[in-house]
Amino acid sequence: MNEKRYILALDQGTTSSRSIIFDSDGSMKGIAQMEFPQIYPQPGWVEHDPKEIWYSQYETAKQAIQNAEINPSQIAAIGITNQRETTILWDKQTGEPVFNAIVWQCRRTSDFCAALASDPAVSSMITEKTGLKPDAYFSATKIRWILDHVPGVRERAERGEILFGTVDCYLLWQLTGVHATDTTNASRTLLYNIHTMDWDEDLLDLFAIPRSILPEVKPSIGFFGNAKIELFGCQIPVSGIAGDQHAALFGQACFGEGDAKNTYGTGCFLMLNTGSNPVTSKNGLVTTVAWSRGDKVTYALEGSVFIGGAVLQWLRDELKIITSAPEADIIAASADNGGVYVVPAFTGLGAPYWDMYARGTITGLTRGTSRANIIRAALESIAFQTNDLLTAMQEDTGVPFTVLKVDGGASRSDVILQLQADLLKASVDRPVNTETTAQGAAFMAGLGVGLWKDEAEIAAMRRSAKTFAPNMDDAARTALLNGWKTAIGQTLYKG
Ligand code: ADP
1 MNEKRYILAL
11 DQGTTSSRSI
21 IFDSDGSMKG
31 IAQMEFPQIY
41 PQPGWVEHDP
51 KEIWYSQYET
61 AKQAIQNAEI
71 NPSQIAAIGI
81 TNQRETTILW
91 DKQTGEPVFN
101 AIVWQCRRTS
111 DFCAALASDP
121 AVSSMITEKT
131 GLKPDAYFSA
141 TKIRWILDHV
151 PGVRERAERG
161 EILFGTVDCY
171 LLWQLTGVHA
181 TDTTNASRTL
191 LYNIHTMDWD
201 EDLLDLFAIP
211 RSILPEVKPS
221 IGFFGNAKIE
231 LFGCQIPVSG
241 IAGDQHAALF
251 GQACFGEGDA
261 KNTYGTGCFL
271 MLNTGSNPVT
281 SKNGLVTTVA
291 WSRGDKVTYA
301 LEGSVFIGGA
311 VLQWLRDELK
321 IITSAPEADI
331 IAASADNGGV
341 YVVPAFTGLG
351 APYWDMYARG
361 TITGLTRGTS
371 RANIIRAALE
381 SIAFQTNDLL
391 TAMQEDTGVP
401 FTVLKVDGGA
411 SRSDVILQLQ
421 ADLLKASVDR
431 PVNTETTAQG
441 AAFMAGLGVG
451 LWKDEAEIAA
461 MRRSAKTFAP
471 NMDDAARTAL
481 LNGWKTAIGQ
491 TLYKG
């Protein structure tokens, strides 16, 4: 009998764990999701209990299998995608975490990072080797904090008794007993050299981290280990791992140099495939491993917008001028901005401006400004910020792109996507399946076991739901871009 084969994608996010079963046509067959507690020990600090992470992931995996009404033996492979940079240390023998997971958002090491950043030689060494900046987001300073603050852990680590992993690695270890990670997750630690594709001795020295705690780094696509028989009643190979944004780029089938995706969520996350070339940005963007298979490494440029869909939450919760994001969308569809620009620099401005002291502004207000103008301008800010990032990426690479693939909650907005296409002078493509992160992990795992043979076969499974073509005359476009530029000028910190 020719039994149908499926892929189980584990999507471990910051606030919830999700598991999705995909069939061999790339369609979703079952899904389960579970939230877990956020731990805030003090302002700016964020932790998770690693056991809650594992429990919620394993439980949702079992539920998704049930919901899909399949037998675990029909699962050809498991793919893992995860919240990135979050740091876990555990005992090699007992598996007991030595401390809570320090989450990517946690700012407890920001003073140390600021000290590193203030030394130009150290800062440029870090950027040259890792493609990143010395920032508290990334894992290295979180590892160092645990080694230095949890009694006895550094000594135990020196004796080879402690293991470190990002969330993918911790889940893989729970599933298979193998201590390994993939190149994309390694590339977010500040310890991994993205040119030599190995842990870097200079960086290990700088952060005082013993090499013995680090996992083996494997290609994102390929065999990592077999899930233990007692978990699902049969052995299932784990054959694809990537951080969430990398998996989304893969799930959007952005396989060619110049292909880009934007995730419009609370914040926006943009990634542009730069092929085999690790492009160094002149505009403050990060260089990262997009994914790897065998010896072939694909790189990407990455940038983020701090306040994306969150600007609508602000209109709803603080200004109380809308009751929901979809309402904003309806109002914005029937108005123009009336010369108003909202720059939601609530926590400063990221790339390409990098002004942490900037704060939000609304410009162009007149006696005639209406609620609809302000709502429209707030929505437009999402497209303007994304346009700034993509323009910077194009400058850095010199590669023009023709289509932006989109996902995330705010990509439901036709208003945002049409304006995005107009500003970029490129088409914007929203897929049928916006679960692109889990889909990317499934695609990688399926490729890893040969369920699909190549990228072309995968690209054919991605279906577009709606495409937005540029449709604005140059004069109108220039006027909008000039208005935005002026508003940014008025937002930047003047001391
Ligand atoms: P995250 O994964 O970052 O939590 P989501 O991908 O779920 O976020 O997206 C949530 C964001 O999408 C919210 O900030 C919300 O304002 C925005 N959003 C939801 N629906 C719409 C809509 N119809 N139009 C515009 N924005 C929307």
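With this note's numbering applied, the sequence shown corresponds to residues 1 to 495, in that order.
Don't be surprised by glycine CBs; every beta carbon is placed ideally from N, CA and C.
Computed from a predicted structure; not experimentally measured.
Check your reading: residues with Cβ closer than 6 Å to the ligand ADP heavy atoms
G265, T266, G309, A310, L312, Q313, A325, P326, D329, G408, G409, A410, R412, S413
- prompt: When the Cα of A247 is compared with those of G152, L319, Q174, N82, which residue comes out closest?
  reply: Working through the sequence shown from its first residue, we reach residue 247 at position 247. Comparing Cα positions, the closest option is N82.
> In its own chain, which residues sit with a C-beta less than 6 Å from the C-beta of M1, not counting the 5 before and 5 after it?
Replying inline: For the purposes of this step, residue 1 is taken as residue 1 along the sequence shown, with counting starting at 1. Model confidence at M1 stands at a pLDDT of 42, short of 50, so the residue's coordinates are unreliable and nothing is read from them.
Can you check whether the CB of V238 is closer than 9 Å to the CB of A76?
Counting from one through the sequence shown, the residue named residue 76 turns up at place 76. Counting from one through the sequence shown, the residue named residue 238 turns up at place 238. Going by C-beta atoms, A76 is not nearer than 9 Å to V238.
Counting Cβ pairs, one atom from each stretch, are 3 or more of them under 8 Å apart for the region 150-160 and the region 114-131? no
- Please state if the CB of P50 and the CB of N100 are separated by a distance shorter than 9 Å. Against the sequence shown, residue 100 aligns to sequence position 100. Against the sequence shown, residue 50 aligns to sequence position 50. Yes.
Please name the residue, chosen from P400, A459, T288, that lies closest to G303 on a Cα-to-Cα basis. Position 303 of the sequence shown, counted from the start, is the residue given in the question as residue 303. Checked all of P400, A459, T288; the closest Cα to G303 is T288.
Legend entry - is_contact[Q439, chain C] using C-beta, thresh 9 Å: Any reference to chain C falls outside this structure, which holds one protein chain only.
So, V305 versus C254, is the Cβ gap smaller than 9 Å?
Taking the first residue of the sequence shown as position 1, residue 305 is located at position 305. Taking the first residue of the sequence shown as position 1, residue 254 is located at position 254. No, they are not a contact pair.
_Bridge partners for Q83 per DSSP, in chain order?_
Taking the sequence shown and counting its residues from 1, the one referred to as residue 83 is at position 83. Paired residue(s): none; Q83 is not in a bridge.
Checklist entry - Could you give the uninterrupted runs of the beta strand (DSSP E) lying entirely in the region 331-376, keeping only those of 3 residues or more? => result 341-343, 361-363
Check: What is the C-beta distance between T86 and W104, in whole angstroms, given that I count them as a contact (C-beta under 8 Å)?
Finding: For the purposes of this step, residue 86 is taken as the residue at position 86 of the sequence shown. For the purposes of this step, residue 104 is taken as the residue at position 104 of the sequence shown. So it is a contact: roughly 5 Å between Cβ atoms.
Taking K261 as part of the beta strand (DSSP E), name the residues at either end of that continuous run. As a working mapping, residue 261 is identified with position 261 in the sequence shown. Start and end: 260-264.
* **Beta-ladder partner(s) of I78, from DSSP** => Numbered from 1 along the sequence shown, position 78 holds the residue referred to as residue 78. According to DSSP, which records beta bridges pairwise, I78 is partnered with L8, V238.
CB-CB length for E164 against G440, believed under 8 Å
What you label residue 164 is simply residue 164 of the sequence shown in a count that begins at 1. What you label residue 440 is simply residue 440 of the sequence shown in a count that begins at 1. The sequence as given places Phe at residue 164; Glu does not occur at that position. Not quite, the Cβ-Cβ distance comes to about 25 Å (not below 8 Å), so this is no contact.
Residue burial classification, Y509 (beta-carbon count within 10 angstroms, cutoff 16)
Any question about residue 509 goes unanswered here, given that the chain covers just 1 to 495.
Q) What's the C-alpha gap between M34 and G13? A) Residue numbering aside, residue 34 sits at position 34 when the sequence shown is read from its first letter. Residue numbering aside, residue 13 sits at position 13 when the sequence shown is read from its first letter. Near 10 Å, if we compare the C-alpha coordinates of G13 and M34.
- Query: Since K4 and Q74 are thought to touch, with beta carbons under 8 Å apart, how far apart are those beta carbons, to the nearest angstrom?
  - Reply: The count along the sequence shown starts at 1 and reaches residue 4 at position 4. The count along the sequence shown starts at 1 and reaches residue 74 at position 74. With a Cβ gap of about 6 Å, K4 and Q74 count as contacting.
inquiry  = If you reduce the DSSP assignment to three classes, tell me which class G30 lands in.
reply    = Position 30 of the sequence shown holds residue 30. Of the three classes helix, strand and coil, the one that applies to G30 here is strand, per DSSP.
Item to check | Other residues of its chain near A333: CB distance less than 8 Å, five sequence neighbours each side excluded | outcome: Residue mapping note: residue 333 aligns to position 333 of the sequence shown, counting from 1. Result list for A333: D414, V415, in chain order.
* What do you reckon, are the CB atoms on A383 and P344 nearer than 9 Å? -> As a position in the sequence shown, residue 383 is number 383, starting the count at 1. As a position in the sequence shown, residue 344 is number 344, starting the count at 1. For A383 and P344, no; Cβs fall outside 9 Å.
S218 and D182 look like a contact to me (Cβ under 8 Å); what is the Cβ gap, rounded to whole Å?
-> In the sequence shown, residue 218 corresponds to position 218, counting from 1. In the sequence shown, residue 182 corresponds to position 182, counting from 1. A quick correction: the sequence has Lys, not Ser, at residue 218. Contact flag correct, Cβ pair sits at about 6 Å.
Inset, instruction - Run the CB neighbour count on T15, radius 10 Å, all protein chains shown included, and call it buried at 16 or more, exposed below. - result: What you label residue 15 is simply residue 15 of the sequence shown in a count that begins at 1. Looking at its Cβ environment, which holds fewer than 16 other Cβ atoms inside 10 Å, T15 is exposed.
Please say whether M271 and A227 have beta carbons closer to each other than 9 Å?
Along the sequence shown, read from residue 1 onward, the residue named residue 227 stands at position 227. Along the sequence shown, read from residue 1 onward, the residue named residue 271 stands at position 271. No, they are not a contact pair.
Among A372, V297, G368, T347, nearest to I330 - alpha-carbon criterion:
What you label residue 330 is simply residue 330 of the sequence shown in a count that begins at 1. The shortest Cα separation from I330 among A372, V297, G368, T347 belongs to A372.
ask   = Rounded to a whole number of angstroms, what is the C-alpha to C-alpha distance between G308 and L349?
value = Counting from 1 along the sequence shown, the entry for residue 308 is found at position 308. Counting from 1 along the sequence shown, the entry for residue 349 is found at position 349. About 12 Å.
(Q) Using only the alpha-carbon positions, how far apart do D295 and D317 sit? (A) Taking the first residue of the sequence shown as position 1, residue 295 is located at position 295. Taking the first residue of the sequence shown as position 1, residue 317 is located at position 317. The alpha-carbon atoms of D295 and D317 are separated by roughly 49 Å.
Identify the continuous alpha helix (DSSP H) that holds T289 and give its terminal residues.
-> As a first step, residue 289 is located in the sequence shown; it is residue number 289 there, counting from the start. For clarity, residue 289 is Val in the given sequence; the question names Thr instead. Note, V289: premise wrong, no alpha helix (DSSP H); beta strand (DSSP E) at 286-293.
When the Cα atoms are used, what is the spatial distance from Y40 to Q93? The sequence position of residue 40 within the sequence shown is 40, counting from 1. The sequence position of residue 93 within the sequence shown is 93, counting from 1. Whole-angstrom Cα-Cα distance: 29 Å.
task: Spatial neighbours of F207 within its chain, please: CB distance less than 8 Å, with the 5 preceding and 5 following residues excluded, ordered by chain position.
output: Indexing the sequence shown from 1 puts residue 207 at position 207. Excluding sequence neighbours, F207 sits near A140, T141, I143, R144, L190, L191.
_Pick from A410, V150, A465 that is closest to S324, judged by C-alpha positions_ = By 1-based counting over the sequence shown, the position of residue 324 is 324. Comparing Cα positions, the closest option is A410.
message = For V415, report the span of its beta strand (DSSP E) as first-last.
response = Along the sequence shown, one-based indexing puts residue 415 at 415. No beta strand (DSSP E) holds V415; the alpha helix (DSSP H) holding it covers 414-424.
Margin query: Suppose contacts are defined by Cβ-Cβ distances below 9 Å. Is D259 in contact with F401 by that definition?
Written below: Counted from its first residue, the sequence shown places residue 259 at position 259. Counted from its first residue, the sequence shown places residue 401 at position 401. Going by C-beta atoms, D259 is nearer than 9 Å to F401.
Practice prompt. Give every residue of the same chain whose Cβ lies closer than 8 Å to the Cβ of T498, excluding the five residues on either side of it in the sequence, and list them in chain order.
Written response: The structure shown does not extend to residue 498, since the chain spans only 1 to 495, so no value can be given for it.
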